[in-house]
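Participant: Pasting a structure below so you can have a look.
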Amino acid sequence: MASAPPLILASASPRRLALLQQIGLEPDHLMPADLDETPKKQETPRALAVRLAGEKAAAVRSIASQSDELKPGVILAADTVVAVGRRILPKTELTDQAVACLSLLSGRGHRVYTGVAVSVPDGKLRTKLVETRVRFKRLSRQEMDDYLASGEWRGKAGGYAIQGLAGSFVVKLVGSYPSVVGLPLAETSTLLSSAGYPLRSGWDSAIS
24 MASAPPLILA
34 SASPRRLALL
44 QQIGLEPDHL
54 MPADLDETPK
64 KQETPRALAV
74 RLAGEKAAAV
84 RSIASQSDEL
94 KPGVILAADT
104 VVAVGRRILP
114 KTELTDQAVA
124 CLSLLSGRGH
134 RVYTGVAVSV
144 PDGKLRTKLV
154 ETRVRFKRLS
164 RQEMDDYLAS
174 GEWRGKAGGY
184 AIQGLAGSFV
194 VKLVGSYPSV
204 VGLPLAETST
214 LLSSAGYPLR
224 SGWDSAIS
């Protein structure tokens with residue numbers, strides 16, 4: 024049986040790494056792509072998620088193509104966008120941003136779009152967009168203050184991490200939970216399989 028090509032995750036996200044490990048996949052290399060993630064004028068949240076995932080994969084492919092070790096690799100990239108209507112929420116770094124996001128999300132529904140891209144050595148790119156609807160309960164000022172104090176919101180799209188403390192805010196979710204965390208597993212598996220990557224080669228030893 025031929026050995027699997029190197030799997031390159033174009034992300035430094037520990038959440039995406041943990042999700043891949045959950046389904047028995049261990050990337051051979053972590054190569055985050057440093058891109059300007061500013062939305063283009065009139066760009067929709069859906070289009071932004073797919074574009075950024077594709078651009079991340081392409082950026083890492085450009086680097087990998089210069090290395091004999093990395094050239095045969097399969098590259099996996101993803102980007103998650105949180106939106107209310109057409110309004111794209113930031114990946115919050117400042118307290119004021121987080122306050123604005125939580126206030127907007129409180130007591131209402133929003134959508135989380137995750138674009139996934141897989142690049143193979145010949146440069147062919149496969150992409151998939153996953154949309155999930157999430158509704159928060161109405162948050163009290165104390166709940167928001169306590170969440171802000173936790174610091175969990177830093178660097179998170181929409182100012183929250185569903186897999187963490189903010190899971191207590193969610194009253195309804197329709198779609199893919201792992202997609203909201205950062206990587207839709209069913210769709211990612213399908214893309215990797217379509218690219219010829221042997222998904223289940225490590226399953227026999229995945230559970231001790």
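Just so you know, we're using the working numbering here: the sequence shown kicks off at 24 and counts up by one.
Each residue gets a CB set at the ideal place from its N, CA and C atoms; glycine is no exception.
1. So what does DSSP say about residue 181, is it helix, strand or coil?
2. Do residue 150 and residue 140 have their C-beta atoms within less than 9 Å of each other?
3. Within 10 Å of its beta-carbon, does residue 37 have 16 or more other beta-carbons around it, so buried, or fewer, so exposed?
4. Which of the three DSSP states is assigned to residue 126 in this structure?
5. Is residue 101 near residue 205, with beta carbons less than 9 Å apart?
6. In chain order, what residues of the same chain lie with their CB nearer than 6 Å to the CB of residue 231, ignoring the 5 residues before and after it?
7. Specify the secondary structure class of residue 64 as computed by DSSP and reduced to three states.
8. My parser needs the beta strand (DSSP E) runs of 3 or more residues fully inside the segment 43-114; what are they?
9. Closer than 8 Å is the cut-off here; do at least three beta carbon pairs connect the segment 87-94 with the segment 189-205?
10. In terms of residues, what are the limits of the alpha helix (DSSP H) holding residue 210?
11. Is it buried or exposed, residue 189, if we count other Cβ atoms within 10 angstroms and call 16 or more buried?
12. Could you name the residues of the same chain whose beta carbon sits closer than 6 Å to that of residue 34, not counting the 5 residues immediately before and after it, in chain order?
13. Compute the Euclidean distance between the alpha carbons of residue 148 and residue 165, then round it to the nearest angstrom.
Facilitator: By the coordinates alone:
1. DSSP places residue 181 in coil when its eight states are reduced to three.
2. It is a contact, given that the beta carbons lie within the stated cut-off.
3. It is exposed - the Cβ of residue 37 has fewer than 16 other Cβ atoms within 10 Å.
4. Three-state result, residue 126: helix.
5. Yes, the Cβ-Cβ distance between residue 101 and residue 205 is below 9 Å.
6. Note that residue 231 has pLDDT 49, beneath the 50 cutoff, so the model's placement of it is unreliable and the number below is only indicative. No residues qualify anywhere along the chain.
7. Here residue 64 sits in coil by DSSP.
8. Here the runs fully enclosed are 97-107.
9. With the rule of 3 Cβ pairs closer than 8 Å, the segment 87-94 does not count as touching the segment 189-205.
10. Taken as a continuous stretch (DSSP letters only), the alpha helix (DSSP H) holding residue 210 covers 208-217.
11. By the 10 Å Cβ count, residue 189 comes out buried.
12. Excluding sequence neighbours, residue 34 sits near 55.
13. Taken atom to atom, the span from the alpha-carbon of residue 148 to that of residue 165 is near 46 Å.
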